[in-house]
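This note's numbering puts the first residue of the sequence shown at 76, with every later residue one more than the last.
Virtual Cβ for every residue (Gly too), placed ideally from N, Cα, C.
Read the structure below first, then the notes.
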Amino acid sequence: MKAKQGLSTKCVHAGKTVCGRVAPVASPIFQTSTYYYPKEESAGYIYTRIENPTQEVVEEKIAALEGGREGLVFSSGMAAITTTVLSTVGEGGHLIAFEDLYGNTYTFFKSGLEKYGIDVTLIKAKDATGIGRFIRKNTKAVFLESPTNPLMRIVDIPKVAKVAHKKSVKVIVDNTFATPINQRPLELGADIVVHSGSKYLNGHSDVISGLMAGNRENVQEIKELRTTLGGCLDPHASYLLQRGMMTLSIRMAKHNDNGQRVAEFLENHKKIDRVHYPGLSSHPDHELAKSMMHGFGGMLSFEVKGRRKEANRFLKELKLLLAAPSLGGVETLISVPAETSHSYLSRKERLGQGIKDNLVRMSVGIEDFQDIKRDLNQALSKI
Ligand SMILES: Cc1ncc(COP(=O)(O)O)c(C=O)c1O
């Protein structure tokens, strides 16, 4: 029997390109929009919106890492999500989604999908156990993120999948925060995984991209719609993405280590009211997180003592760490969700979701922990 490869090996080796007699170690960039037909038999490529060998390197890597049969790469995480959902649910269908979602996903579900004849029910993470009562005859899929943004709540993927599958409903998981290094939803029972590749998978804050993985039937259906909607990734960006993915495993090990140490440091800091990190035993879903995840990642949030003014003051005082939205890069990024990722919600809706004015979200990078700690400490001493 062929030995199963480890994740670090898959990051490096999955998706190799061989061009005729040339076998380059580094992946070539097939910077072409179209392909001519040589006299010998053609390799079958027609047009880069449909297929491109540099895109395929990324697609083979994500399929190998997530444990799916096949994968697809997209021009953004939102292109991956919109194409996957439109294809999987379709006109006349019904989607159930957990409401703790990335902002653009939330608005697409809340007000965008009805234009395409798709009904949506938004539910709370605590409804995971009773999800069966939301399933209708025309329900095609359940969509969730875990850990959620920014409170890092954990949804019980095996439980949701068990109930959904009894009614032939597919489960789609946005695995952007965890990455396949820390959590593999397909192994936990999900049918389709989607990602913003702009975050950890690329890892260097210099590419916008998206990915999905699943079985052949699901992927081929979604690929047809990707070809029509046109959300494929440019070959040069595909090259950068596959280059980033090669170091995903070692980057995640450092994000996990720094994330845990920063969470523990902040939890004991007198200027902090509360820390939300699934690796802390004080986190309400710590036991569930332990059962599903192989590491707790670099994403966390915390409430500084005071209000929004104090949260903003803290950000202004940072000297090394960067006040910026987005996440998953090698550098630590810090933002106030009330002003960035969750500014699309009314204050009432936001507070209803537990996202307070003094909440700060942190994407802990791979810098030395002592340097991160020093900067946090000096900025906190100013509020
Ligand atoms: C969890 C999550 N999913 C999807 C997206 C959308 O990805 P992109 O910005 O690559 O379109 C984001 C972006 O922040 C995200 O955080």
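Boundaries of the alpha helix (DSSP H) in which residue i is found, first to last residue
| i | result |
| --- | --- |
| arginine 388 | 383 to 392 |
| methionine 327 | 323 to 342 |
| arginine 425 | 422 to 427 |
| serine 83 | 82 to 88 |
| histidine 169 | From DSSP, histidine 169 is part of no alpha helix (DSSP H) but of the beta strand (DSSP E) over 169 to 173. |
| threonine 129 | 128 to 141 |
| serine 313 | 310 to 320 |
| aspartate 446 | 444 to 455 |
| methionine 287 | Taken as a continuous stretch (DSSP letters only), methionine 287 belongs to no alpha helix (DSSP H), being part of the beta strand (DSSP E) at 285 to 289. |
| histidine 361 | 361 to 367 |
| histidine 351 | First-last for histidine 351: 347 to 351, but that is the beta strand (DSSP E), not the alpha helix (DSSP H). |
| glycine 178 | 178 to 182 |
| valine 405 | Segment: none, valine 405 is in no alpha helix (DSSP H) and carries neither H nor E. |
| valine 235 | 232 to 241 |
| proline 255 | 254 to 257 |
First and last residue of the uninterrupted beta strand (DSSP E) at residue i
| i | result |
| --- | --- |
| phenylalanine 377 | 374 to 379 |
| threonine 157 | Looking at the DSSP string, threonine 157 is not in any beta strand (DSSP E); the run it does join, the alpha helix (DSSP H), is 152 to 164. |
| serine 271 | 267 to 271 |
| isoleucine 198 | 194 to 198 |
| threonine 214 | 214 to 220 |
| lysine 245 | 245 to 249 |
| methionine 437 | 434 to 438 |
| glycine 95 | Unbroken run through glycine 95: none, as it is neither H nor E. |
Cut-off 6 Å between Cβ atoms - residues of its own chain near residue i, not counting five sequence neighbours on either side
| i | result |
| --- | --- |
| isoleucine 104 | Thr129, Pro310, His311, Tyr314 |
| alanine 288 | Ile137, Ala138, Glu141, Gly143, Gly146, Val268 |
| proline 260 | Ile232, Val248, Asn250, Val268 |
| arginine 388 | Ile458 |
| isoleucine 283 | Ser151, Ser273 |
| methionine 321 | Cys86, Val87 |
| valine 133 | Val148, Ser313, Leu316, Gln317 |
Assigned exposure category for residue i - 16 Cβ within 10 Å defines buried
| i | result |
| --- | --- |
| glutamate 424 | exposed |
| aspartate 175 | buried |
| isoleucine 430 | buried |
| asparagine 343 | exposed |
| threonine 407 | buried |
| tyrosine 181 | buried |
| threonine 123 | buried |
| leucine 426 | exposed |
| serine 421 | exposed |
| cysteine 94 | exposed |
| tyrosine 112 | exposed |
| tyrosine 419 | exposed |
| lysine 79 | exposed |
| isoleucine 125 | exposed |
| lysine 298 | buried |
| proline 99 | exposed |
Beta-carbon proximity list for residue i, same chain, < 7 Å, skipping 5 on both sides
| i | result |
| --- | --- |
| asparagine 290 | Gly143, Arg144 |
| leucine 304 | Thr158 |
| alanine 155 | Phe149, Val269, His270, Gly285, Leu286, Met287 |
| aspartate 360 | Arg228, Ile229, Pro353 |
| alanine 398 | Leu390, Ile409, Ser410 |
Chain-order list of residues whose beta-carbon lies under 8 Å from that of residue i (same chain, five-residue window excluded)
| i | result |
| --- | --- |
| lysine 185 | Val195, Leu197 |
| histidine 358 | Met227, His351, Tyr352, Ala364 |
| leucine 300 | Thr158, Leu161, Ser162 |
| arginine 53 | Since the first residue shown for the chain is 76 and the last is 458, residue 53 is missing from the structure and cannot be characterised. |
| isoleucine 121 | Thr109, Tyr110 |
| serine 117 | Tyr110 |
| proline 400 | Leu408, Ser410, Thr415, Ser416 |
| valine 230 | Phe173, Ala200, Ala203, Leu219, Glu220, Ser221, Thr223 |
| histidine 169 | Ile193, Asp194, Val195, Thr196, Arg211, Asn213, Thr214, Lys215 |
| glutamate 339 | Leu355 |
Review point. How about the region 279 to 296 and the region 338 to 357: do they share at least three Cβ pairs that are nearer than 8 Å?
Key: no
**Study point:** Meets three-Cβ-pair contact criterion under 8 Å: the region 219 to 238 and the region 247 to 257
**Key:** yes
Check your understanding: Would you call the region 421 to 440 and the region 324 to 336 in contact, with 3 or more CB pairs under 8 Å?
Key -> The answer is yes - the region 324 to 336 touches the region 421 to 440, with three or more Cβ pairs under 8 Å.
Check your understanding: Are three or more beta carbon pairs between the region 242 to 249 and the region 210 to 218 nearer than 8 Å?
Key -> Segment contact: the region 242 to 249 against the region 210 to 218, three or more CB-CB distances shorter than 8 Å; contact assigned.
Exercise for review: Report yes or no: do the region 382 to 399 and the region 446 to 457 share at least 3 C-beta pairs separated by less than 8 Å?
Suggested key: yes
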